[in-house]
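Beneath this line is the structure, given in structure tokens, with notes to follow.
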């Protein structure tokens with residue numbers, strides 16, 4: 003039977019703009035008839051995948067998302083003394099193994115754009131190593147790669163981030179990887195009103211003799227919320243793909259999205275974590291917050307709502323074989339090492 007690890011956690015942020023929409027304002031969603039602050043799962047995964055915590059734990063096993071692989075291959079071949087024609091053909095063939103190439107523009111401003119992949123390709127560490135090995139061979143034996151060499155580039159996937167978050171290549175579906183980790187959008191547990199911060203910047207060289215106004219002015223949206231976040235990890239699929247659940251757990255609980263960090267210093271740790279492990283069908287506890295929290299003690303109220311919802315589900319559907327672990331900062335219960343040990347068991 004499949005073993006699932008589910009993480010439910012509450013993280014409070016002071017005024018911030020963690021994840022912006024196309025107008026630059028914090029993303030929101032209507033839940034329970036009121037507007038809530040929201041951070042998209044894409045933003046969360048990007049912050050986690052590129053964090054120092056993730057890098058320090060799994061750095062040698064993290065791949066890269068890029069369209070520009072062909073450019074690098076071309077430059078490596080040119081630097082190695084391969085002729086321009088051969089380098090161009092080889093770079094296109096190698097990059098083409100990771101996705102459909104962009105159409106070449108006759109009068110394009112960027113001469114290297116013809117090597118770019120249309121869709122962001124997630125290149126694993128072993129795949130990139132095989133690309134570099136092939137490039138070295140083509141430099142030593144100036145020629146184009148053969149079909150067998152090209153096939154070997156995509157032989158296996160062994161990067162933790164690909165194992166966790168999956169990979170979809172529309173042009174090469176045989177290399178798709180089913181994600182072992184599902185990440186929900188983070189949602190504020192209370193109603194929110196997005197506010198605007200009007201700001202000005204002073205020109206230090208302006209003496210005020212000619213113009214006493216500011217050198218620049220603008221505005222940016224911000225809001226504050228206590229977020230409920232949910233992650234579901236298919237432990238068996240993750241172990242089959244590679245591993246890395248404990249590193250993800252630490253990253254998710256301690257790393258914040260990077261939006262407007264310099265303006266708001268919006269860094270936070272989770273204040274409450276409920277981790278569950280078992281073979282029962284996973285379920286989020288977000289319904290606990292469809293009724294917005296209205297309280298002078300929002301964290302305490304949200305924790306109670308989360309616990310009550312878990313008990314209701316367990317009572318109605320059963321919780322055979324399900325175990326859990328709690329870290330409650332305010333109550334002084336649990337610790338990060340204990341939680342990570344539970345996740346990785």
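In the numbering used here, the protein residues as written are 3 to 347.
Where a beta carbon is used, it is the ideal one built from N, C-alpha and C, also for glycine.
Bear in mind that the values here come from a model prediction, so they are computed numbers and not experimental data.
So residue i and residue j are supposed to be a Cβ contact under 8 Å. How far apart are they, rounded?
i, j, result
"residue 292", "residue 307", "Wrong, their Cβ atoms sit about 10 Å apart, outside the cutoff."
"residue 71", "residue 92", "Between residue 92 and residue 71 the Cβ distance is about 12 Å, and since that is not below 8 Å, they are no contact."
"residue 41", "residue 259", "6 Å"
"residue 277", "residue 345", "6 Å"
"residue 155", "residue 99", "5 Å"
"residue 74", "residue 64", "Incorrect: roughly 17 Å between the Cβ atoms, too far for contact."
"residue 20", "residue 230", "Not a contact, Cβ separation roughly 14 Å."
"residue 103", "residue 68", "No, residue 103 and residue 68 are not in contact; Cβ-Cβ is about 13 Å, not under 8 Å."
"residue 101", "residue 120", "6 Å"
"residue 6", "residue 339", "That belief does not hold up - the Cβ atoms of residue 6 and residue 339 are roughly 22 Å apart, past 8 Å."
"residue 9", "residue 331", "The pair is not a contact, with the Cβ atoms about 15 Å apart (cut-off 8 Å)."
"residue 237", "residue 163", "17 Å between Cβ atoms; not a contact."
Hey, how far is the Cα of residue i from the Cα of residue j?
i, j, result
"residue 181", "residue 15", "28 Å"
"residue 256", "residue 110", "44 Å"
"residue 265", "residue 288", "30 Å"
"residue 343", "residue 183", "18 Å"
"residue 26", "residue 45", "14 Å"
"residue 185", "residue 144", "46 Å"
"residue 4", "residue 281", "6 Å"
"residue 53", "residue 322", "36 Å"
"residue 317", "residue 326", "15 Å"
"residue 32", "residue 95", "47 Å"
"residue 305", "residue 328", "11 Å"
"residue 225", "residue 313", "32 Å"
"residue 205", "residue 90", "49 Å"
"residue 315", "residue 333", "24 Å"
"residue 170", "residue 216", "48 Å"
"residue 300", "residue 219", "35 Å"
"residue 279", "residue 262", "35 Å"
"residue 85", "residue 108", "21 Å"
"residue 296", "residue 320", "30 Å"
"residue 29", "residue 254", "19 Å"
"residue 227", "residue 303", "14 Å"
"residue 337", "residue 187", "25 Å"
"residue 298", "residue 23", "30 Å"
"residue 189", "residue 133", "41 Å"
"residue 274", "residue 49", "20 Å"
"residue 59", "residue 131", "20 Å"
"residue 153", "residue 168", "21 Å"
"residue 165", "residue 207", "53 Å"
"residue 286", "residue 105", "43 Å"
"residue 43", "residue 18", "17 Å"
"residue 87", "residue 347", "54 Å"
"residue 252", "residue 66", "21 Å"
"residue 135", "residue 127", "12 Å"
"residue 335", "residue 269", "22 Å"
"residue 341", "residue 311", "21 Å"
In the DSSP assignment, what residue or residues form a beta bridge with residue i?
i, result
"residue 169", "179"
"residue 202", "219"
"residue 184", "234"
"residue 339", "Answer by DSSP bridge pairing: none, since residue 339 is not bridged."
"residue 37", "32"
"residue 329", "275"
"residue 190", "229"
"residue 307", "Paired residues: none, contrary to the question."
"residue 13", "229"
"residue 164", "Beta-bridge pairing links residue 164 to no other residue."
"residue 18", "225"
"residue 8", "234, 278"
Are three or more beta carbon pairs between the segment 184 to 197 and the segment 36 to 56 nearer than 8 Å? yes
Within 8 Å, do at least three Cβ pairs link the segment 231 to 242 to the segment 197 to 209? They do not touch, by the three-pair rule.
Do the segment 138 to 147 and the segment 75 to 88 touch if we need at least three Cβ pairs shorter than 8 Å? Touching, per the Cβ criterion.
Contact between the segment 143 to 154 and the segment 114 to 122 is defined here as three or more beta-carbon pairs at a separation below 8 Å; is this criterion met? Short answer: they don't touch.
Within the segment 55 to 99, note down every full alpha helix (DSSP H) run reaching 4 residues or more, in order along the chain. 71 to 81, 86 to 98
Contiguous beta strand (DSSP E) assignments of at least 3 residues, all confined to the segment 265 to 293: 274 to 280
Continuous beta strand (DSSP E) assignments of at least 3 residues falling wholly in the segment 95 to 155: 123 to 125
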